[in-house]
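Student:
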Amino acid sequence: GTRIIYDRLFLLKCRDSPLSK
Amino acid sequence: EMHREVKPGSGEHPLQYSYCFWYSKRPPGRPADPSAFEKNIRVVATFISVEQFWKAYSHMKRPGDLNGHCDIHLFKQGIKPLWEDEANKDGGKWIVRLRKHFTSRCWENLIMAMVGEQFMVGDEVCGAVVSLRFQEDIISIWNKTANNSQVTTRIRDTLRRVLNLPPTVIMEYKKHNQSIRDKTSF
């Protein structure tokens, strides 16, 4: 089946989102 | 906390697995007591999305800012960071010894790779540990099947890549059965 994969760059971008605070 | 059912919130990016951060500390002046380990370890956060991961991670101290003999563990929800857990009993771990200066950065890169499913070994990865010790720190990644060399090789190669380790850094694989026999992790 398909896996949910996130690369480092994407994870770091999400870090800046207000949802991550 | 370990069994709390977590769900991605609205607008959050779900992870392939839910995870728990655990913390364990050996009180200063006390010798190691393997039977006390399970009593001294506790879950500090559980998450299932990228945003929940960052929330949990940002509320914790970075390994480089911690003192004393302690460990931070990040394991899939349902797997205890103990050799005897069902998921770990036939498993092992890659160990990387680090000069203290590198610990926080390496830990962060490792856990991002793990939750982001960068290891590409199906469901073999169980968790990761950063162990703060007197002169050096140790990072480990645990997998289910110690005898599967295809899996352990792929984990090793991904680890070297995500940690950006120079070729001089030695990585060592240790089966948990060996740790049980040695009565020590490292």
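Those protein sequences? They're chains A and B, same order as listed.
Each residue of the first sequence is one higher than the last, beginning at 1 in our numbering.
Each residue of the second sequence is one higher than the last, beginning at 22 in our numbering.
All residues carry an ideal CB built from backbone N, CA and C; glycine is no exception.
Could you pull out every unbroken beta strand (DSSP E) segment of at least 3 residues lying fully inside the region 23-47 of chain B, listed in chain order?
Tutor: Qualifying beta strand (DSSP E) stretches, in chain order: 35-46.
Student: Under the assumption that Asp92 (chain B) contacts Val150 (chain B) (Cβ atoms under 8 Å), give the Cβ distance between them as a whole number of angstroms.
Tutor: Reading the second sequence from its first residue, position 71 is the one you call residue 92 (chain B). Reading the second sequence from its first residue, position 129 is the one you call residue 150 (chain B). Yes, they are in contact, since the Cβ atoms of Asp92 (chain B) and Val150 (chain B) sit about 6 Å apart, within 8 Å.
Student: Chain A partners of Met81 (chain B), CB-CB under 8 Å?
Tutor: Indexing the second sequence from 1 puts residue 81 (chain B) at position 60. None at all; the shortest Cβ gap to chain A is about 14 Å.
Student: Counting along the chain, where does the alpha helix (DSSP H) carrying Ala108 (chain B) start and finish?
Tutor: The residue given as residue 108 (chain B) occupies position 87 in the second sequence. Per DSSP, Ala108 (chain B) belongs to no alpha helix (DSSP H) and is neither H nor E.
Student: Might you give, ordered along the chain, the residues of its own chain that have their beta carbon closer than 7 Å to the beta carbon of Cys14 (chain A), omitting 5 neighbours on each side?
Tutor: For this step, residue 14 (chain A) is matched to residue 14 along the first sequence. Taken in chain order, the residues that qualify are Ser20.
Student: Under a three-way DSSP split, which group does Phe10 (chain A) fall into?
Tutor: As a first step, residue 10 (chain A) is located in the first sequence; it is residue number 10 there, counting from the start. Phe10 (chain A): helix per DSSP, three-state reduction.
Student: Taking the straight line between their C-alpha atoms, what separation do you get for Val190 (chain B) and Leu36 (chain B)?
Tutor: Here residue 190 (chain B) refers to the residue found at position 169 when the second sequence is read from its first residue. Here residue 36 (chain B) refers to the residue found at position 15 when the second sequence is read from its first residue. Approximately 31 Å, taken between the alpha carbons.
Student: Where are the alpha helix (DSSP H) runs, 4 residues long or more, that stay fully inside the region 56-129 of chain B, in chain order?
Tutor: Segments of the alpha helix (DSSP H) lying fully in the region 56-129 of chain B: 71-79.
Student: Once DSSP output is grouped into helix, strand and coil, what is the label at Ala167 (chain B)?
Tutor: Taking the second sequence and counting its residues from 1, the one referred to as residue 167 (chain B) is at position 146. Three-state DSSP puts Ala167 (chain B) in coil, outside helix and strand.
Student: In this structure, what does DSSP give as the bridge partners for Lys195 (chain B)?
Tutor: For the purposes of this step, residue 195 (chain B) is identified with residue 174 of the second sequence, where counting begins at 1. Looking at the DSSP assignment, Lys195 (chain B) forms a beta bridge with B:Lys114.
Student: If contacts are defined as beta-carbon pairs under 8 Å, then Glu33 (chain B) and Gln73 (chain B) qualify, I think. What distance do you get, rounded to the angstrom?
Tutor: Here residue 33 (chain B) refers to the residue found at position 12 when the second sequence is read from its first residue. Here residue 73 (chain B) refers to the residue found at position 52 when the second sequence is read from its first residue. Confirmed, Cβ separation roughly 7 Å.
Student: Buried or exposed: Leu12 (chain A), going by 16 or more other Cβ atoms within 10 Å of its Cβ?
Tutor: In the first sequence, counting from the first residue as 1, residue 12 (chain A) sits at position 12. It is exposed - the Cβ of Leu12 (chain A) has fewer than 16 other Cβ atoms within 10 Å.
Student: Closest by CA to Leu131 (chain B), which one among B:Leu103, B:Arg47, B:Leu95?
Tutor: Within the second sequence, the letter at position 110 stands for residue 131 (chain B). Answer by Cα proximity: B:Leu95.
Student: With 8 Å set as the bound, which would you pick, yes or no: does the beta-carbon of Glu59 (chain B) sit closer than that to a beta-carbon of chain A?
Tutor: As a position in the second sequence, residue 59 (chain B) is number 38, starting the count at 1. Chain A, which has no Cβ nearer than 8 Å to the Cβ of Glu59 (chain B), makes this no.
Student: Consider the Cβ of Gly32 (chain B): report whether some Cβ of chain A lies at a distance smaller than 8 Å.
Tutor: Along the second sequence, read from residue 1 onward, the residue named residue 32 (chain B) stands at position 11. By this cut-off, Gly32 (chain B) is an interface position.
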